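Numbered by my numbering, the letters in the sequence shown go through residues 1 to 281 in order. Glycine included, C-beta positions come from ideal geometry on N, C-alpha and C. Keep in mind that this is a model prediction, so the values were computed, not measured. Note sheet for the following structure.
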Amino acid sequence: MAIQHHTRLLTRPLQFGQRTWHPLLLGLLALPLLLFLFLPLLALLVRTGLTTVLTNVLQTQVMQAIVLSLGTSLLATLLAIVLGTPLAYLLARYQFRGRMMIETLIDLPMVLPPAVAGIALLMAFGRRGIVGEHLSSVGIEIAFTQVAVVLAQLFVAAPFYVKSAAAAFTRIEREAEEAAMIDGASGGVVFWYIILPLSWPVLFGGAVMTWARALGEFGATIIFAGNFPGRTQTMPLAIYIGFQLELSTALTLSIILLIISFGVLALVKGLMRQRIGATDL
1 MAIQHHTRLL TRPLQFGQRT WHPLLLGLLA LPLLLFLFLP LLALLVRTGL
51 TTVLTNVLQT QVMQAIVLSL GTSLLATLLA IVLGTPLAYL LARYQFRGRM
101 MIETLIDLPM VLPPAVAGIA LLMAFGRRGI VGEHLSSVGI EIAFTQVAVV
151 LAQLFVAAPF YVKSAAAAFT RIEREAEEAA MIDGASGGVV FWYIILPLSW
201 PVLFGGAVMT WARALGEFGA TIIFAGNFPG RTQTMPLAIY IGFQLELSTA
251 LTLSIILLII SFGVLALVKG LMRQRIGATD L
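Below, the structure written as structure tokens:
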């Protein structure tokens, strides 16, 4: 009921007294920013063209960057789901000392400059890092490998999933859980058969946003994993090199990432609308 009431409030026009903002005036005020956001994307599409994309997409370096980016970002997303779901549930359902500190720690990678994230990862897992030094002594190297790519993506993208999952778990009313537990269901059964089905649209949306963020990661990756074609060079890194050496390659990869980003946002917004519609019913 509270969500339905909140949804109805959001659909009402903004009013001051008995007067409402004129849509035309609001449109004129919003137009400059909309144009500023739209024109660069339009310029990218116009400047690149379909012929350039089709010509360059099958190049070895481009395909290597695409395959590497998709593989590492999917693995980072899977790790974020496996490791982040228990943490999100803990934050959503329990109050404990230090909870605010943990939430701040989770939020930090979202606002931390990517270069700082890369250096921090290097100081932790590099050859002379506080953890990497011990791993290196037994022959395990993490920095400047594909493992480093995955860890960099996980570090910057996992908070997106944890935040989404925690919000989803918080919104679920506990009556169904309590009824199931009264009937003898264990906590694990309640989680798998009640909580997850009720929260899956938000969880899936959070996972998709996490994957998109991991796919576009640049700063932490180039510092912690390096920029080695075929080994650690993801699409954003290939765009950086392509801009310096071969602009058509950078344009092609930029178009691919633009299409993926648009698709991700469309999918997430569709899921959110579906969830709101189901709630209104």
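Assignment of P40 by DSSP, reduced to helix, strand and coil, places it in the helix class.
The three-state reading of DSSP puts H22 in coil, since its state is none of H, G, I, E or B. CA-to-CA, the gap between G49 and F155 works out to about 35 Å.
Inclusion of T234 and A65 in the CB contact set at 8 Å is warranted, their separation being smaller than that value. It is roughly 25 Å from the alpha-carbon of G27 to the alpha-carbon of M272.
Around the beta carbon of S73, 16 or more other beta carbons lie within 10 angstroms, which makes this residue buried. DSSP places Y161 in the helix class (H, G or I) of the three-state scheme. With respect to the 8 Å criterion, E217 and A157 are classified as neighbours on the basis of their beta carbons. Just so you know, the alpha carbons of F243 and A250 end up roughly 5 Å apart.
In its chain, beyond the 5 residues on either side, no residue has a beta carbon closer than 6 Å to the beta carbon of M63. By the neighbour-count criterion, in which a residue is buried when 16 or more other Cβ atoms sit within 10 angstroms of its Cβ, G132 is buried. A direct Cα-to-Cα measurement between L203 and V162 gives close to 9 Å. DSSP, reduced to helix, strand and coil, places F144 outside both helices and strands of the structure shown, so it counts as coil. Of I194, L58, V189 and G188, the smallest CA-CA separation from E175 is found for I194. Using a 10 angstroms sphere on the CB of V82, the tally of other CB atoms stays under 16, which defines it as exposed. Looking at the backbone, the Cα of V150 and that of T210 are separated by about 13 Å. For the pair M123 and L87, the Cα-to-Cα distance works out to about 25 Å.
Where G216 is concerned, there is no enclosing alpha helix (DSSP H), because DSSP gives it neither an H nor an E.
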